[in-house]
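Here our numbering is used: the first residue of the sequence shown is 60, the next is one more, and so on.
Report on the following structure.
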Amino acid sequence: MTNLNWGELPFGYLKTDYNIRCYYKDGKWGELEVSSSEFLNLHISATALHYGQQAFEGMKAYRGKDGKIRLFRWEENFKRMERSAHGILMQPITKELFKEAITKAVLLNERFVPPYGTGASLYLRPLLIGSGPQVGVKPADEYLFMVFATPVGPYFKEGFSPVKIAVVRDSDRAAPLGTGSIKVGGNYASSLKGVQKAHDEGYGAPMYLDSVHKKYIDEIGAANFFGIKDSTYITPKSPSILPSITNMSIMQLAEDIGLNVERRPIDIEELDSFEEVGACGTAAIISPIGEIYDIDEDKKYLFCKDGKAGPISTKIYEKLVAIQYGDEPDTHNWVEIIK
Ligand SMILES: *Cc1c(COP(=O)(O)O)cnc(C)c1O
Numbered sequence: 060m061t062n063l064n065w066g067e068l069p070f071g072y073l074k075t076d077y078n079i080r081c082y083y084k085d086g087k088w089g090e091l092e093v094s095s096s097e098f099l100n101l102h103i104s105a106t107a108l109h110y111g112q113q114a115f116e117g118m119k120a121y122r123g124k125d126g127k128i129r130l131f132r133w134e135e136n137f138k139r140m141e142r143s144a145h146g147i148l149m150q151p152i153t154k155e156l157f158k159e160a161i162t163k164a165v166l167l168n169e170r171f172v173p174p175y176g177t178g179a180s181l182y183l184r185p186l187l188i189g190s191g192p193q194v195g196v197k198p199a200d201e202y203l204f205m206v207f208a209t210p211v212g213p214y215f216k217e218g219f220s221p222v223k224i225a226v227v228r229d230s231d232r233a234a235p236l237g238t239g240s241i242k243v244g245g246n247y248a249s250s251l252k253g254v255q256k257a258h259d260e261g262y263g264a265p266m267y268l269d270s271v272h273k274k275y276i277d278e279i280g281a282a283n284f285f286g287i288k289d290s291t292y293i294t295p296k297s298p299s300i301l302p303s304i305t306n307m308s309i310m311q312l313a314e315d316i317g318l319n320v321e322r323r324p325i326d327i328e329e330l331d332s333f334e335e336v337g338a339c340g341t342a343a344i345i346s347p348i349g350e351i352y353d354i355d356e357d358k359k360y361l362f363c364k365d366g367k368a369g370p371i372s373t374k375i376y377e378k379l380v381a382i383q384y385g386d387e388p389d390t391h392n393w394v395e396i397i398k
């Protein structure tokens with residue numbers, strides 16, 4: 060195994076040994092190719108570059124106490140990428156090639172799968188792009204699917220601690236009938252201004268409201284939102300939210316520990332009544348939220364008044380991470396051991 064300071068790794072790119080590529084050409088997918096180059100040879104008129112034909116996924120491989128390597132709900136990532144592809148008229152990758160590519164990306168870079176107990180994991184980035192040339196606005200005839208792997212440290216270096224969020228109203232990440240519900244790079248481009256505004260105000264990430272009424276909570280940066288009150292886990296229902304696999308899993312775990320689960324529009328003013336709030340996604344799993352500042356209304360919603368994450372968020376977080384690393388029984392069949 061490589062000798063890295065696993066616990067201190069950022070959530071960033073670190074070169075590994077190999078990445079996997081597969082090309083769609085003449086109406087069919089070719090064989091998987093293994094590459095040790097970090098670069099692509101891409102046509103200057105590829106639709107990914109000009110018209111945003113691009114979708115990606117984010118998932119992690121975890122090494123357990125038993126030394127085995129686990130994938131978490133990879134089929135959900137596959138299904139979402141297939142939906143993303145259909146959403147912007149790209150050729151989806153097949154399930155078999157997806158599985159083979161992510162497995163290869165882990166096994167060929169096995170020396171970068173962090174040891175158990177460091178809180179680190181191997182992040183996988185499947186990517187699908189229109190690689191064929193077009194100048195008129197139409198879908199490409201050729202596609203490239205690839206997967207790279209990079210080790211990432213634990214999101215919270217100093218333990219599970221609350222973050223601060225700013226409500227941003229002067230830019231939108233997505234529109235109700237736009238591409239907010241699929242995982243495409245264009246949504247990230249339109250979120251950058253909001254991210255920067257939150258940072259400029261001294262906050263960790265932006266909260267986006269629905270772009271029609273500017274009233275209901277949509278997402279927190281690139282993570283889903285949830286709130287907890289009266290033994291109920293509540294997460295927004297909105298056509299412009301990206302359905303998070305982490306959130307889907309948390310809803311199940313919330314039910315398992317006896318909470319009610321609701322998916323419905325959440326008016327921002329309802330924040331006053333929540334006992335705990337947080338954001339969730341693959342990178343941090345759960346980010347407990349300590350403060351939400353509504354810049355335009357000059358109003359602060361405060362949580363975790365003792366500086367610590369709430370008990371229910373903590374319990375669900377620990378349970379989910381324990382399943383991912385194989386410390387707790389995988390009662391929902393979410394984990395697949397690949398080696
Ligand atoms: C990827 C993503 C999430 C988190 O989804 P997970 O499957 O939990 O990683 C949430 N919101 C947006 C906008 C995303 O792109």
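Glycine included, every Cβ here is placed at the ideal spot set by N, Cα and C.
Note that the coordinates shown come from a computational prediction; the quantities given were computed from them, not determined experimentally.
Secondary structure note for K154: its alpha helix (DSSP H) is the uninterrupted segment 154-166.
With respect to the 8 angstroms criterion, P192 and I348 are not classified as neighbours on the basis of their beta carbons.
If you draw a straight line from the Cα of E350 to the Cα of A257, it is about 13 angstroms long. Leaving aside the five residues that flank L186 on each side, the residues in its chain whose CB is nearer than 6 angstroms to its CB run, in chain order, F115, M205. No Cβ-Cβ contact shorter than 8 angstroms links G263 with K216.
Non-local beta-carbon contacts of K288 in its own chain, meaning distances under 7 angstroms to residues more than five positions away in sequence, involve S332, F333, E334 in chain order. Of S250, P151, S230, S303, the smallest CA-CA separation from A343 is found for S303. Using a Cβ-Cβ distance cut-off of 8 angstroms, the stretch 169-180 and the stretch 145-157 are not in contact, since fewer than three pairs of beta carbons, one from each stretch, lie closer than that value. Under the DSSP definition of a beta bridge, R322 partners with T294.
Rounded to whole angstroms, I309 and D259 show a C-alpha spacing of 31 angstroms. One alpha carbon belongs to S96, the other to M149, and they sit about 25 angstroms apart. Restricting attention to S104, I397, P151, R132, the CA atom closest to the CA of Y83 is found in P151.
The C-beta of V196 has fewer than 16 other C-beta atoms within 10 Å across all chains shown, which makes the residue exposed.
Rounded to the nearest angstrom, the Cβ distance from N283 to C339 is 5 angstroms, consistent with a contact under 8 angstroms.
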